[in-house]
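**Student:**
In my numbering, the protein residues as written are 353 to 871.
#1: May I ask you to list the residues that DSSP assigns as paired with residue 358?
#2: Reducing DSSP to helix, strand and coil, say where residue 542 ends up.
#3: Using DSSP with H/G/I as helix, E/B as strand and the rest coil, what is residue 863?
#4: So, residue 850 versus residue 835, is the Cβ gap smaller than 8 angstroms?
#5: If the criterion is Cβ atoms closer than 8 angstroms, does the pair residue 476 and residue 539 meet it?
#6: Under DSSP, the alpha helix (DSSP H) around residue 827 begins and ends at which residues?
#7: To the nearest whole angstrom, what separates the beta carbons of residue 653 and residue 682, a pair I think is in contact under 8 angstroms?
#8: Which partner residues does residue 622 have in the DSSP bridge list?
#9: Around the C-beta of residue 824, are 16 or more other C-beta atoms found within 10 angstroms, so that it is buried, or is it exposed?
#10: Assign residue 774 to buried or exposed, taking buried as 16 or more other Cβ atoms, counted over all protein chains shown, within 10 Å of its Cβ.
#11: If contacts are defined as beta-carbon pairs under 8 angstroms, then residue 561 and residue 535 qualify, I think. What distance do you get, rounded to the angstrom?
#12: In whole angstroms, give me the CA-to-CA distance for residue 497 and residue 436.
#13: Please give me, in chain order, every unbroken run of the beta strand (DSSP E) with length at least 3 that falls completely inside the stretch 674–753.
#14: Would the stretch 502–513 count as touching the stretch 471–488 if we require 3 or more Cβ pairs under 8 angstroms?
#15: Hey, quick one: how far does the beta strand (DSSP E) through residue 442 stretch, first residue to last?
#16: To the nearest angstrom, how far is it from the Cα of residue 293 to the Cα of residue 508?
#17: Which partner residues does residue 815 have in the DSSP bridge list?
#18: Are the Cβ atoms of residue 373 and residue 397 separated by less than 8 angstroms?
#19: Classify residue 730 as buried or exposed, calling it buried when 16 or more other Cβ atoms lie within 10 Å of its own Cβ.
#20: Please work out which residues of its chain come closer than 8 angstroms, Cβ to Cβ, to residue 717, disregarding the five sequence neighbours upstream and downstream, and give them in chain order.
#21: I need the straight-line Cα distance from residue 567 to residue 855, nearest angstrom please.
#22: Are the stretch 660–675 and the stretch 568–576 touching, with three or more C-beta to C-beta distances below 8 angstroms?
#23: Applying the criterion that 16 or more other CB atoms from any shown protein chain within 10 Å of the CB defines a buried residue, is residue 635 buried or exposed?
#24: I'd like the list of long-range same chain contacts for residue 777, defined as Cβ closer than 6 angstroms, with 5 residues on each side in sequence excluded.
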């Protein structure tokens, strides 16, 4: 009986030695190309080089290795077609039953600033996609593997059944076609950008891998899942590590992301409390515990059941403060949460296994966001760059200049307002959030809500508005309540009236020249 043949040609050689050993156990003969064959041979695994099998050497510095009729006919021959099988026999070609191929790292190469045009072109795989597509096309007879993470599944099937099921072959073939389609799209997008220099390509292809199914979506009747954008850089919330608490929900993930993005705006220890993606508490201080204590004062009612974001490690003292009586949070995200801190939550009555503790490593450039911000609409998507710009230059437009203390509070408020749903108003003092007006249909109502939340603490505070004031009514409400300085983009046709109002109340006002809508 003729042995089964496996063709192995992989750039990413992770797990390939162990997998090849398993294939030998199940009576496979292995064909392989230069570098892969060398590694297998060094591991004492019997292997025949493709060039030896075809009788044709690798040429053009390896550009042509597997592009040979003896290889592709062995993959593409229909086993239930007598003419195909007779042709193989006449030409001395063996059927190839398993193809294990992954591709040159084109996407990783173009991500390197140092990559030369020649290096980029050389990382366009030709033979690999041809092998993958041929094997996937003949999926009834051939198994195709493009991902090392599928090796264990194949090993299990061979161990249990001695063969690979039709269902598995079909599943892997679909994955293979998706793999080559995405690979080609990355290449096409890259060269289209070189030609046009357009940030947004004419055709947009993106790839996501499912991390997990979620219990449900925003509501229990909606199914949901969590996907990670590829290539997998372990970045963003999809790269976070949860090591305690219930499974994260759809809404938890949204709120955790909002909390993390907000606290990363700050260099000094900062804590934020998020509810429905809006901050209901935020503060910066000398220690992370002090920052949390200040953050929770902003809205004692709304913070219950919220999400805490910390830009410093969650230490024992802060954990004790968070788990104080009459408080509860759905999740906490921080750069590091040690085991001693974990025990505090496990042993505190009412918390137990409920609260989700999530670690998220800070990137070197904490404010950098790669890719695009996408929003789904009926029949398509909207795509934009992320809002990473802080300010152009503060322009003082009133007679009174803000004090240094007011400037620091204004800059703090300006960072926070960026993460509040429009129309957005934030009131702050001494780097502590005091009041928020979020998602209102007119700006003056947002001002009133923020003032009501700040209550008597509003005296001597500052106000940030995510967009310009269309009328003087909002600033007047703030001035009457005791706000002493305002930061806003400017740009309204009524700016002169707004500035005159501020001067009348001896308020300081600065323009940033940019706005921070968050719809």
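Glycine included, each C-beta is placed from N, C-alpha and C at the ideal position. Quick caveat: nothing in here was measured; it's all calculated off a predicted structure.
**Tutor:** With the structure as the only source:
#1: For the purposes of this step, residue 358 is taken as residue 6 along the chain shown, with counting starting at 1. The partner list for residue 358 (beta bridge, DSSP) reads 382, 450.
#2: In the chain shown, counting from the first residue as 1, residue 542 sits at position 190. Three-state result, residue 542: helix.
#3: On the chain shown, residue 863 is found 511 positions in, with the first residue counted as 1. Strand.
#4: In the chain shown, residue 850 corresponds to position 498, counting from 1. In the chain shown, residue 835 corresponds to position 483, counting from 1. No. Outside cutoff.
#5: To locate residue 476, count along the chain shown from 1; it is residue 124. To locate residue 539, count along the chain shown from 1; it is residue 187. It is a contact, given that the beta carbons lie within the stated cut-off.
#6: Numbered from 1 along the chain shown, position 475 holds the residue referred to as residue 827. First-last of the alpha helix (DSSP H) with residue 827: 825–833.
#7: For the purposes of this step, residue 653 is identified with residue 301 of the chain shown, where counting begins at 1. For the purposes of this step, residue 682 is identified with residue 330 of the chain shown, where counting begins at 1. Not quite, the Cβ-Cβ distance comes to about 16 angstroms (not below 8 angstroms), so this is no contact.
#8: One-based indexing of the chain shown puts residue 622 at position 270. In the DSSP output, where bridge partners are listed per residue, residue 622 has 636.
#9: Here the question's residue 824 lines up with position 472 in the chain shown. Result: buried.
#10: Taking the first residue of the chain shown as 1, we reach residue 774 at position 422. Buried, by the Cβ-count rule.
#11: On the chain shown, position 209 is the one that residue 561 refers to. On the chain shown, position 183 is the one that residue 535 refers to. Not quite, the Cβ-Cβ distance comes to about 14 angstroms (not below 8 angstroms), so this is no contact.
#12: By 1-based counting over the chain shown, the position of residue 497 is 145. By 1-based counting over the chain shown, the position of residue 436 is 84. Each residue's Cα considered, the two are about 24 angstroms apart.
#13: 681–686, 708–711, 725–729, 732–736
#14: no
#15: Indexing the chain shown from 1 puts residue 442 at position 90. Per DSSP, residue 442 belongs to no beta strand (DSSP E); it is in the alpha helix (DSSP H), 434–443.
#16: Nothing can be reported for residue 293: it is not among the residues displayed for the chain, which extend from 353 to 871.
#17: Position 463 of the chain shown, counting from 1, holds the residue named residue 815. DSSP output for residue 815 lists 779, 838 as bridge partner(s).
#18: Here residue 373 is taken as the residue at index 21 of the chain shown, counted from 1. Here residue 397 is taken as the residue at index 45 of the chain shown, counted from 1. It is a contact, given that the beta carbons lie within the stated cut-off.
#19: Residue 730 sits at position 378 when you count from the first residue of the chain shown. With fewer than 16 Cβ atoms within 10 Å of its Cβ, residue 730 is classed as exposed.
#20: Locating residue 717 in the chain shown gives position 365, counting from the first residue. With a pLDDT of 48 at residue 717, under the threshold of 50, the modelled position of this residue cannot be trusted, and the question is left open.
#21: Walking along the chain shown from the start, residue 567 turns up at place 215. Walking along the chain shown from the start, residue 855 turns up at place 503. Roughly 54 angstroms between the two C-alpha positions.
#22: no
#23: Walking along the chain shown from the start, residue 635 turns up at place 283. When all chains shown are included, residue 635 counts as buried.
#24: Taking the chain shown and counting its residues from 1, one reaches residue 777 at position 425. The residues are 789, 798, 799, 802, 817.
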